[in-house]
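Structure first, then comments.
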Amino acid sequence: MFFTFFSIAMGFSLHNSIAVIEGHLGKRSEFVRTPKFNLAAVGGNWKTNKYLKKKISRNVILEGILMLYFGFGMYSAFIVGDQGGDFGLFPFHLMLFIGFGFVFFRSITDKQ
105 MFFTFFSIAM
115 GFSLHNSIAV
125 IEGHLGKRSE
135 FVRTPKFNLA
145 AVGGNWKTNK
155 YLKKKISRNV
165 ILEGILMLYF
175 GFGMYSAFIV
185 GDQGGDFGLF
195 PFHLMLFIGF
205 GFVFFRSITD
215 KQ
């Protein structure tokens, strides 16, 4: 359970880092409210709400690139080294791959 939690928390690291850097640079941003969908019936549809953003942000694209980067890190563990591989960082690359992949794919599927 901790492995899953920590992997997903690592996936949020890009978003959190950007927020911290913008805060230190003094970038003013508006408070973005969590959209409330006011679904009263069981069959209500929240996907047609006008407040949902349909466009994919550059942060989502960067998260996808980081997912591929750490996927390559896992692949390279098998092809480098003298004795058939170097697996010292494999668990960390796996956790980062899962975390960024989770955030990336959830961001993509929630836009549809």
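Under the numbering used here, residue 216 is the last one in the sequence shown; the count climbs by one each step, no gaps. The C-beta atom is built at its ideal place from N, Cα and C for all residues, glycine as well. Given the structure is predicted, the values throughout are model-derived calculations rather than measurements.
Taking just the CA atoms, how far does residue j sit from residue i?
{"i": "H221", "j": "G177", "result": "Because the chain here runs from 105 to 216, residue 221 falls outside it and cannot be looked at."}
{"i": "G115", "j": "G205", "result": "7 angstroms"}
{"i": "V164", "j": "V124", "result": "17 angstroms"}
{"i": "I212", "j": "M171", "result": "14 angstroms"}
{"i": "L220", "j": "R162", "result": "Since the first and last residues shown for the chain are 105 and 216, residue 220 lies out of range."}
{"i": "A113", "j": "I160", "result": "21 angstroms"}
{"i": "R210", "j": "S121", "result": "19 angstroms"}
{"i": "D190", "j": "F110", "result": "23 angstroms"}
{"i": "G188", "j": "F182", "result": "7 angstroms"}
{"i": "H119", "j": "L166", "result": "10 angstroms"}
{"i": "E126", "j": "F174", "result": "25 angstroms"}
{"i": "M199", "j": "F208", "result": "14 angstroms"}
Which residues mark the beginning and the end of the alpha helix (DSSP H) in which residue i is found?
{"i": "L114", "result": "In the sequence as presented, Leu is not what sits at residue 114; that position holds Met. 106 to 115 is the span of the alpha helix (DSSP H), which, as asked, contains M114."}
So, helix, strand or coil for residue i, using DSSP?
{"i": "L129", "result": "coil"}
Alpha helix (DSSP H) runs wholly inside the segment 159 to 211, at least 4 long, in chain order: DSSP runs (the alpha helix (DSSP H)) wholly in the segment 159 to 211: 162 to 183.
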